[in-house]
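These notes are about the structure you will find just below.
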Amino acid sequence: MSQLTDMFSECWSKLEATGSKDSPLRNMTVCNYAADDINAYTVVLREANAERNTLIFYTDHRSPKVEQLQLNGKVTVVFYSDEEKMQLILKGNATIHHQDEVSYWYWRKDGYKGRRSYLAEPAPSTLINEPADGLIYIKGKKFEEHDPTGYENFAVVVIKTNYLEYLQLNREGNRRAKFMLEDGGEFQGAWLIP
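Structure representation (structure tokens):
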């Protein structure tokens, strides 16, 4: 294997390891351009799959980011690990899954621990008069493992990537490379000046 191929595989291995809450790449910033504005939001990476070249995060279907991604699914995703002094930039196209087989599978897969996040009233980004999380009416309520409450607001965003850029900061010399998806379905890598 070439050094570039090894680097590409290592980047995806780091992304796939995000199941751990201690992973330095657990949070990512997703950026897109829609409605004559640049939008950026930090979300939790729920799953990465090197074989399919996909990144997955969850969101409330009522969130403004859903409409923004429906208007323009082209996204740039930025990860940075301060611990490793490493930045990853991925580009691709986002698809929103809401009340379909994909969203239902992830809803069941992840259990009920985070489901309360999808019960906020009013909807995310609604103007309010004082600080609140929108969850006051469910405080103390117990959720059963297969409770459907909140599913109507739950959405899964799947980003199919076609570009990955790696930057490693190091006092002995920074390293940077890019990997682009070619027509044959394989990623081709090249070194860049940092």
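For the sequence shown, position 18 matches number 18 in full-length UniProt numbering, and the numbering has no gaps at all.
Yeah, the Cβ is synthetic: ideal placement off N, Cα and C, and Gly gets one too.
Within the segment 58-116, the runs of alpha helix (DSSP H) at least 4 residues long that lie entirely inside it are, in chain order, 64-71, 101-109. Within a 10 Å sphere around the beta-carbon of L135 sit fewer than 16 other beta-carbons, which makes this residue exposed. When DSSP reads this structure, K21 sits in no beta bridge, so it has no partner. The segment 83-98 makes contact with the segment 152-172; the number of CB pairs closer than 8 Å reaches 3 or more. Per the C-alpha coordinates, the member of R176, E51, V78 positioned closest to L45 is V78. Between M28 and the set N53, Y80, K14, the nearest pair of CA atoms involves Y80. In this chain, the beta strand (DSSP E) harbouring D37 covers 37-44.
Using a 10 angstroms sphere on the CB of T59, the tally of other CB atoms reaches 16 or more, which defines it as buried. Restricting attention to D22, F154, Y104, the CA atom closest to the CA of H61 is found in F154.
Around the CB of N170, fewer than 16 other CB atoms lie within 10 Å, so the residue is classed as exposed. Assignment of beta-bridge partners to L55 by DSSP yields A48, I159. Only exposed fits K109, as fewer than 16 other CB atoms lie within 10 angstroms of its CB. Residue pairing of K178 in beta bridges, as defined by DSSP: E165, A190.
When DSSP states are grouped into helix, strand and coil, N170 belongs to the coil group.
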